[in-house]
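Colleague: Handing you a structure now.
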Amino acid sequence: MAPEPPLLTMSGITKSFPGVRALDGVDLEVGAGEVHCLLGQNGAGKSTLIKVLAGAHQPDGGEITWHGAPVTLKSPAAAMRLGIATIYQELDLVEGLSVAENVFLGREPVTARFVVRARAARTAAAALLKRLGHPEIDPARPVGELSAAQQQIVSMARALSHDVRLIVMDEPSAALDPDEVDNLFRVVASLTADGVAVVYISHRLEEIRRIGDRVTVLKDGRAVAGGLPARSTPTHDIVAMMTGRNVEYVFPPRPADRADPAAEPVLRIEGLARKGEFSSVDLELRPGEIVGLAGLVGSGRSEILETVYGARRPSAGRVLVAGERLRPGSVRAAVAAGIGLAPEERKAQALLMLESVTRNVSVSSMSRFSRAGWLDRRAERRAARAATRELSLRPDNPDTPVRTLSGGNQQKAVLARWLLRGCRVLLLDEPTRGVDVGARAELYAVIRRLADEGLAVLLVSSEVPEVLGLADRVLVLREGRVVHTADARELDEHRVLDLVMEGSPTS
């Protein structure tokens, strides 16, 4: 008798976006009743691959087979009809609707006259919740009143309501406490015992050991290893497969006279916390120093920057600039104290895309160019041009619309804004995202020069080599907590990845 074909096979999957080859011939094979784990650094291609599997992205090439037969997943609805459900980290539930209404959203049981049978929906939802080991969840209760763990169970109930045969779980334990994780694993074990396959994405290797059967490792859009035994493959081997990139990193040399450790910190963070995002962060940043925050998406890196900048209000702790405490949750106070932020999504969060370079650079310093209600446009343009020339922004024309600039020059426009403002602390979130290799080297040189001139820099990057190459000192974050602090020269990429996946908080 011929062996049963795999439930799912993805062969040679390719997918490109403008300027980026996200998937480059990826293979993935999943058997019925198997927990197949996907591992990889940020940007390795995991999210793109599962969106192809979910029907949300159409591949440029390759083949997908289901029960041995080729299929085309033209939409999420087409994937769901086959029995493929995806539960993303950001759950797509409607908080104002009940549990039962969310479970059967768009497929509500109706009478012959198309009247929704609410009682039948609640009864069916209760049966699904019981199967998942959560009979205590009231199908009539609004989803917005449930805990994160309970909302996840509701998402799984919705998947099961489609007679699902494969569930993709994207970082399902990110918002769960240890007891909730244990329950999640019991649910997964129950599903696989019924023959349901699970594709499980997580950065926590200890979870992979507990729940996984096999592992596929992605790096730079390629599957560098597939079908590895989850419980017996050494951690060092997995980390080695995840590291190393095709991008060339060219970093400026660190100065011999580093920031004086005895100097008064320009920025001090004491016990800073935001419930559910990060906790007990302590940090001192001195003039001329670059400190990097390393960690995976969801570790609290960006949230820390935004809280220091006043865009988020802390639940505990305080931020001091030059010894003066900042008013929490106030961007105005942070900017007035000399803090500037170059956010991760510069086009949406930092730039006025329809405006000129001049206006983008001057927008945080408009009071300098206003006299009795009139704007001195010549002075504004002259100051903006001086700031952009200092950073070698091209083209050298302050009237150029910022939307026409390259990614690297758009980032320089954001940096020029804070240079013009005279900020003392610069917060950089993913400073080279969307920037080509040559422009990266330029930005690295600019950031190092600004630090050499006395600016204090707090840097977040998903690229571990970037953090290690630019920063003088590194804080490693895991699940919202600082697990290690060290001089950047004492760390390497393997060590940082070990810490973010399996580290424990330092004393």
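Each residue of the sequence shown is one higher than the one before, counting from 166 in the working numbering. Each residue gets a CB set at the ideal place from its N, CA and C atoms; glycine is no exception.
CB-CB under 6 Å to residue 448, same chain, minus the five flanking residues each way: which ones, in chain order?
Modeller: 434
Colleague: Of all the options 348, 367, 182 and 288, which has the alpha carbon lying nearest to the alpha carbon of residue 201?
Modeller: 367
Colleague: Does the beta carbon of residue 320 fall short of 7 Å from some heavy atom of the ligand NAP?
Modeller: With respect to the ligand NAP, the structure shown offers nothing to examine, as it has no ligands at all.
Colleague: If I'm right that residue 651 touches residue 456 with Cβ under 8 Å, what's the distance once you round it to whole angstroms?
Modeller: Going by Cβ atoms, the distance from residue 651 to residue 456 rounds to 11 Å, so no, they are not a contact pair.
Colleague: Taking buried to mean at least 16 other C-beta atoms within 10 Å of its own C-beta, is residue 463 buried or exposed?
Modeller: buried
Colleague: According to DSSP, is residue 656 part of a helix, a strand, or is it coil?
Modeller: coil
Colleague: To the nearest angstrom, how far is the alpha carbon of residue 204 from that of residue 260?
Modeller: 31 Å
Colleague: Quick one: give me the first and last residue of the alpha helix (DSSP H) that residue 443 is part of.
Modeller: Careful: residue 443 lies outside any alpha helix (DSSP H), inside the beta strand (DSSP E) at 443 to 450.
Colleague: Check this for me: beta carbons of residue 478 and residue 471, under 8 Å apart or not?
Modeller: no
Colleague: What does residue 307 pair with, by DSSP beta-bridge criteria?
Modeller: 263
Colleague: Would residue 220 pass as a contact of residue 243 if the rule is Cβ separation under 8 Å?
Modeller: Against a cut-off of 8 Å, the Cβ pair of residue 243 and residue 220 comes out as a contact.
Colleague: Just to confirm the assignment, what range does the alpha helix (DSSP H) spanning residue 329 have?
Modeller: Per DSSP, residue 329 belongs to no alpha helix (DSSP H) and is neither H nor E.
Colleague: Do residue 616 and residue 625 count as a contact pair if the criterion is CB distance below 8 Å?
Modeller: no
Colleague: List the DSSP bridge partners of residue 119.
Modeller: For the chain, the structure presents residues 166 to 672; residue 119 sits outside this window and is missing.
Colleague: Around the C-beta of residue 539, are 16 or more other C-beta atoms found within 10 angstroms, so that it is buried, or is it exposed?
Modeller: Exposed is the call here.
Colleague: Can you tell me the Cα-Cα spacing of residue 639 and residue 399, whole angstroms?
Modeller: 26 Å
Colleague: If you draw a straight line from the C-alpha of residue 561 to the C-alpha of residue 553, how long is it?
Modeller: 8 Å
Colleague: Quick test of your reading: residue 379 and residue 199, contact by CB under 8 Å. State the CB separation rounded to the nearest angstrom.
Modeller: 7 Å
Colleague: Does any residue of chain D bring its CB to less than 8 Å from the CB of residue 364?
Modeller: Of the protein chains in the structure, only one exists, and it is not chain D.
Colleague: Since I believe residue 585 is in contact with residue 526 (beta carbons under 8 Å), could you give me their beta-carbon distance rounded to a whole number of angstroms?
Modeller: 6 Å
Colleague: Mark residue 670 as exposed unless 16 or more other C-beta atoms lie within 10 angstroms of its C-beta, in which case mark it buried.
Modeller: Because the pLDDT at residue 670 is just 46, under 50, the model does not fix this residue reliably, and the point stays unresolved.
Colleague: Quick one: Cα of residue 502 to Cα of residue 606, how far?
Modeller: Taking the straight line joining both Cα atoms gives about 30 Å.
Colleague: Does residue 462 come out as helix, strand or coil in the three-state DSSP assignment?
Modeller: coil
Colleague: What did DSSP end up calling residue 347 once you bin it into helix, strand or coil?
Modeller: helix
Colleague: Cβ of residue 513 within 8 Å of Cβ of residue 362?
Modeller: no
Colleague: Take residue 564 and list the residues in its own chain whose beta-carbon comes closer than 6 Å to its own, dropping the five residues that flank it on each side.
Modeller: 521
Colleague: Go ahead and pull the three-state DSSP assignment for residue 295.
Modeller: helix
Colleague: Is the distance from the Cβ of residue 395 to the Cβ of residue 373 below 8 Å?
Modeller: yes
Colleague: Could you name the residues of the same chain whose beta carbon sits closer than 6 Å to that of residue 579, not counting the 5 residues immediately before and after it, in chain order?
Modeller: 507, 511 and 515
Colleague: What residue does the beta strand (DSSP E) around residue 180 start on, and which one ends it?
Modeller: 173 to 182
Colleague: Mark residue 411 as exposed unless 16 or more other C-beta atoms lie within 10 angstroms of its C-beta, in which case mark it buried.
Modeller: With a pLDDT of 42 at residue 411, under the threshold of 50, the modelled position of that residue is not reliable, and the figure given next carries that caveat. By the neighbour-count rule (16 or more Cβ atoms within 10 Å), residue 411 is not buried but exposed.
Colleague: Using 10 angstroms around the beta-carbon of residue 645, count the other beta-carbons present and answer buried if the total reaches 16, otherwise exposed.
Modeller: buried
Colleague: Could you give the DSSP three-state label for residue 384: helix, strand or coil?
Modeller: strand
Colleague: With which residues is residue 365 paired in a DSSP beta bridge?
Modeller: 202 and 334
Colleague: Roughly how many whole angstroms lie between the Cα atoms of residue 321 and residue 356?
Modeller: 10 Å
Colleague: Determine the closest residue to residue 389 out of 311, 397 and 403, with distance taken between C-alpha atoms.
Modeller: 403
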